[in-house]
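Down below is the structure, laid out as structure tokens.
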Amino acid sequence: MTMEATAVTRELIWRRVMDELGFEHARVRRGQEGTELSGVILVAEQGAPLRAEYSVGCDGAWRTRRVSVTQSWRGEHRTLTLEHDGEGHWQKDGRGSEELEGCTDVDLGLSPSTNALPINRLRLGEGASAEIRAAWVRFPALEVVPARQGYTRTGPARYRYESLESGFNAMLDVDTDGLPIEYAGIWRRLAEGPAAPVSSTQAFVEALVSPGPSSELGDAAATFGWLVGGWAGTIQDHDPDGSVRQSQGEWWFHWVLEGRALQDIFIVPSRRAPAQSGPGANRRYGTTVRTFDRAGGRWQITWISPTGGAINRLAGGRDGDRLVLLGEHHGKPIRWSFSDIGADRFTWRGEEQDSAGQWKLQARFDMRRIT
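Using the numbering used here, the first residue of the sequence shown is number 12, and each one after it goes up by one.
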């Protein structure tokens, strides 16, 4: 959820005083459209560094609407996306989640900040209590389970939190925004103040990049979703005379436009490759945007190459164990395909059909996953 430029912003830091093994740096942005909590959590988990970046978007009534989490732990990056319609129906990573039906708020297990969500949404009077059903995110598994919780307002700025299933309870002292100051010897606020304005670069990235696919894509997201991340490998251009020119390249994929599209950046030669002598593969620095045509049941892509001046449009999808896309370039049929797909590798081929109907290889990319 994007906050307008006039939103009030704050930054806060908490320390996990329970075991002195963690910190959280959070940002709160409040505007007419609602509130966004975002932050970075750094903790020692089972002896290994764990970093979690999160964003929780709420509407004007403090109802949780969208959640994204990216976790790095023990050499692995994992992501989680939750979408909530405000009426108790949830999508998890783009798919309906029946087990979360009826949940009203998200509770990030490593964060004190998300206690502010039910506190602000419920707006209890002093002495009043309420029971809620929360979507509880457990770290480092990134599991989401429903959790019965209770909140009681025991004073002007004090609440008692209860896990109604485990029996755990704790007192929360909060500020005027419902954000914890002291969380019963578990978390303690160290600092808070106004946040610096978001840079135009950061604002652009936040508007473009999405943590995961939109629920609108359904099962179609899996067709190309496995590509998200970074790849590096050998790029070959095959010339009509049979010669082959070769360089190293890199390829980056991510969901964009609220997860409705998958975009990539393709770079040859790789930015980190040493300079090479002799003719290498064609220089490429371009981008492809992939969108799904639900009516036609196929993916459509547009490749834009500022370095080569090409704009190619193709369409297609899964064909057996390959992904095949068809289009035209200068009036000739072209075929782009992904094959030999593994967990950490794939081969991409670019082909053109000649007048005899034969497919001629023009380019081949052998890629391996790097992130």
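For each residue, glycine too, the CB sits at the ideal point set by N, CA and C. Bear in mind that the values here come from a model prediction, so they are computed numbers and not experimental data.
Kindly confirm or deny that the region 221–233 and the region 262–269 touch, where touching means at least three C-beta pairs closer than 8 Å. yes
Taking only runs that begin and end inside the region 196–231, name each unbroken beta strand (DSSP E) of 3 or more residues, in chain order. 198–205
Give every residue of the same chain whose Cβ lies closer than 7 Å to the Cβ of residue 170, excluding the five residues on either side of it in the sequence, and list them in chain order. The residue given as residue 170 occupies position 159 in the sequence shown. So the qualifying residues of the chain are 130, 162, 163, 164, 183 and 185.
Could you give the first and the last residue of the continuous beta strand (DSSP E) run that contains residue 146? Mapped onto the sequence shown, residue 146 falls at position 135. Run containing residue 146: 140–149, per the beta strand (DSSP E) assignment.
For residue 59, which of 82, 43 and 42 has the nearest alpha-carbon? By one-based count along the sequence shown, residue 59 stands at place 48. Cα-wise, what sits closest to residue 59 is 82.
In angstroms with no decimal places, state the Cα-to-Cα distance between residue 76 and residue 216. For the purposes of this step, residue 76 is taken as the residue at position 65 of the sequence shown. For the purposes of this step, residue 216 is taken as the residue at position 205 of the sequence shown. Their Cα atoms are separated by approximately 20 Å.
Start-to-end residues for the beta strand (DSSP E) that takes in residue 158: Residue mapping note: residue 158 aligns to position 147 of the sequence shown, counting from 1. Where residue 158 is concerned, the enclosing beta strand (DSSP E) stretches over 154–166.
Going by the beta-carbon positions, is the gap between residue 172 and residue 181 smaller than 8 Å? For this step, residue 172 is matched to residue 161 along the sequence shown. For this step, residue 181 is matched to residue 170 along the sequence shown. Yes, they are a contact pair.
On the DSSP letters alone, give me the boundaries of the alpha helix (DSSP H) that residue 4 sits inside. Because residue 4 is not part of the residues shown, which for the chain are 12 to 382, the question remains open.
Quick one: what does DSSP say residue 22 is sitting in, helix, strand or coil? Walking along the sequence shown from the start, residue 22 turns up at place 11. The answer is strand: DSSP assigns residue 22 an E or B state.
Around the Cβ of residue 43, are there at least 16 other Cβ atoms within 10 angstroms (buried) or fewer (exposed)? By 1-based counting over the sequence shown, the position of residue 43 is 32. By the neighbour-count rule (16 or more Cβ atoms within 10 Å), residue 43 is not buried but exposed.
Counted within 10 angstroms of its Cβ, other Cβ atoms place residue 95 as buried (16 or more) or exposed: Working through the sequence shown from its first residue, we reach residue 95 at position 84. Flag for residue 95 reads buried.
Validate contact between the region 324–344 and the region 302–315 using beta carbons, cut 8 Å, 3 pairs: yes
Specify the secondary structure class of residue 238 as computed by DSSP and reduced to three states. Here residue 238 refers to the residue found at position 227 of the sequence shown. In this structure, residue 238 counts as coil in the three-state DSSP scheme.
Could you tell me which residues DSSP puts in a beta bridge with residue 362? Counted from its first residue, the sequence shown places residue 362 at position 351. According to DSSP, which records beta bridges pairwise, residue 362 is partnered with 346 and 372.
Proximity to residue 112 [Cα-Cα], best of 102, 120 and 121: The sequence position of residue 112 within the sequence shown is 101, counting from 1. Nearest C-alpha to residue 112: 102.
Throw me the rounded Cβ distance for the residue 175 and residue 148 pair, which I believe falls under 8 Å. Residue numbering aside, residue 175 sits at position 164 when the sequence shown is read from its first letter. Residue numbering aside, residue 148 sits at position 137 when the sequence shown is read from its first letter. Between residue 148 and residue 175 the Cβ distance is about 18 Å, and since that is not below 8 Å, they are no contact.
What number of angstroms, rounded off, separates the C-alpha of residue 15 from the C-alpha of residue 40? As a first step, residue 15 must be located in the sequence shown, where it is residue number 4. As a first step, residue 40 must be located in the sequence shown, where it is residue number 29. Bear in mind that a pLDDT of 44 at residue 15, under 50, signals an unreliable position, so the number given afterwards is only what the model happens to contain. Taking the straight line from one Cα to the other gives about 9 Å.
Determine contact between the region 201–216 and the region 271–290, defined as no fewer than three beta-carbon pairs at a distance below 8 Å. no
Who are residue 256's beta bridge partners in DSSP? Working through the sequence shown from its first residue, we reach residue 256 at position 245. Residue 256 is bridged to 248.
Looking at residue 379 and residue 360, is the spacing between their C-beta atoms short of 8 Å? Position 349 of the sequence shown holds residue 360. Position 368 of the sequence shown holds residue 379. No, they are not a contact pair.
For the beta strand (DSSP E) containing residue 274, list its first residue and its last residue. The residue labelled residue 274 in the question sits at position 263 within the sequence shown. Run containing residue 274: 272–279, per the beta strand (DSSP E) assignment.
Taking only three categories from DSSP, how would you classify residue 111? As a working mapping, residue 111 is identified with position 100 in the sequence shown. Helix, per DSSP.
So, are the CB atoms of residue 54 and residue 117 less than 8 Å apart? For the purposes of this step, residue 54 is taken as residue 43 along the sequence shown, with counting starting at 1. For the purposes of this step, residue 117 is taken as residue 106 along the sequence shown, with counting starting at 1. Not closer than 8 Å, so no.
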